[in-house]
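For reference, the structure is listed below as C-alpha cells.
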Amino acid sequence: MRRQLELVVNGEARRLELEDQRSLLSVLRDDLGLYGAKYGCGEGHCGACTVLVDGVPRRSCTTQVGTVAGKEITTVEGLEHDGKLHPVQQAFLEEEAFQCGYCTCGMIMGACGLLRRNPRPTAAQIRTFLDGHLCRCGTYQRIVAAVQRASRLLQGAQP
Ligand code: FES
Ligand code: FES
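Counting in this note's numbering, the sequence shown runs from 12 upward without gaps.
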C-alpha cells in the first residue's frame, strides 16, 4: 500500500510517500541516494545490505520499509562525525580489511552492532556474530583483526 512514511535516517527525519512493502534497501539507495548498503543476494544471506535499526544490525534487502517507520536507521554514511571516521571505519582502514570493498559497509555495520552489544568480543565471538556476512575476496582474518582494533579504539586504548 502506498502511504506517507516518516523515516529517521542517520538522525534526519524524512517524510516520503512510498509503497510500504518495498525493501528498505531500495528506498535507501533509489530514493535517498545512500549507496553504502549494497545489493548482494537480495535474500538475507550475504550481509552486504546490513544497516542498523535502533542500533541492531538488519538486512535491509528483506526489511519492508513500512516496518521501520519512525525507527532510527543508521547507514555507513551516518557513522562519521565532523569529518572524522567512526573508530570501526578507521580500524577497517588501518587493518586493510577489504579488497574489492563490496562487503565492507555491511561488515562495518555488523561490527558496530556487535560492539554495541559486546564491547570486548573475542575472535571467536566476532566470527560467530559476522557468520552471515560473506566476503568473496576472503578477507575474513583481517576483518576479525579490524573488529578487535575497533574494540580497542572505542575503549581509548592503543590499537
Ligand atoms: S543483499 Fe541483503 S543479505 Fe544479501
Ligand atoms: S572485500 Fe571483496 S567481497 Fe569482501
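Glycine is no exception: its CB is placed at the ideal position from the N, C-alpha and C atoms. Small disclaimer: the values here were computed from a predicted structure and weren't measured.
Problem set entry | Among G89, A48, A80 and E88, the one whose alpha carbon lies nearest that of R70 | Cα-wise, what sits closest to R70 is A48.
For this session: Taking the CB atoms as reference points, tell me whether Q159 and A135 lie closer together than 8 Å.
Result: Taking 8 Å as the Cβ cut-off, Q159 and A135 do not qualify as a contacting pair.
Exercise. Do you know how far the Cα of L63 is from the Cα of E107?
Worked result: Approximately 23 Å between the Cα atoms of the pair.
For this session: Pull up the distance between the alpha-carbon of C72 and that of T150, whole angstroms please.
Result: Annotation: C72 to T150 spans about 23 Å, alpha carbon to alpha carbon.
Exercise. Do G77 and Q32 have their C-beta atoms closer together than 8 Å?
Worked result: Contact check for G77 against Q32 passes: the beta carbons are separated by less than 8 Å.
Exercise. Helix, strand or coil: how does DSSP classify E83 here?
Worked result: Of the three classes helix, strand and coil, the one that applies to E83 here is strand, per DSSP.
Problem set entry | Continuous beta strand (DSSP E) stretch holding E30: start and end | In the DSSP assignment, E30 falls within the unbroken beta strand (DSSP E) covering E23 to E30.
Problem set entry | R148 versus H92, Q110, R163 and G22, residue with shortest Cα-Cα distance | One detail in the question is off: residue 148 reads as Cys in this sequence, not Arg. When each option's Cα is compared against that of C148, the closest is Q110.
For this session: Determine the DSSP secondary structure at R147, reduced to helix, strand or coil.
Result: Three-state result, R147: coil.
Problem set entry | Three-pair Cβ contact test at 8 Å for the stretch 40-55 versus the stretch 93-101 | Taking a cut-off of 8 Å for Cβ pairs, the stretch 40-55 and the stretch 93-101 do not touch, as fewer than three such pairs fall below it.
Problem set entry | Three-state class that DSSP yields for L165 in the structure shown | Helix, per DSSP.
Exercise. Alpha carbon to alpha carbon, how far is S162 from L45?
Worked result: Their backbone Cα atoms lie some 26 Å apart in a straight line.
Exercise. Based on Cα-Cα distance, which residue from T61, E23 and F140 lies nearest to K82?
Worked result: If we check each option's Cα against that of K82, E23 comes out closest.
For this session: Can you tell me the Cβ-Cβ gap for M118 and I154, rounded? I've got them flagged as a contact below 8 Å.
Result: With 8 Å as the limit, M118 and I154 qualify as a contact, their Cβ atoms being about 6 Å apart.
Exercise. Roughly how many angstroms lie between the CA atoms of P130 and C60, to the nearest whole one?
Worked result: For P130 and C60, the distance between alpha carbons rounds to 23 Å.
For this session: Report all residues from its chain with a CB closer than 8 Å to the CB of R40; omit the five preceding and five following residues, and keep chain order.
Result: Contacts found: Y46, A48 and Y50.
For this session: Determine the extent of the beta strand (DSSP E) in which R70 is found, giving its start and end residues.
Result: In the DSSP annotation of this structure, the continuous segment of the beta strand (DSSP E) that includes R70 starts and ends at V67 to R70.
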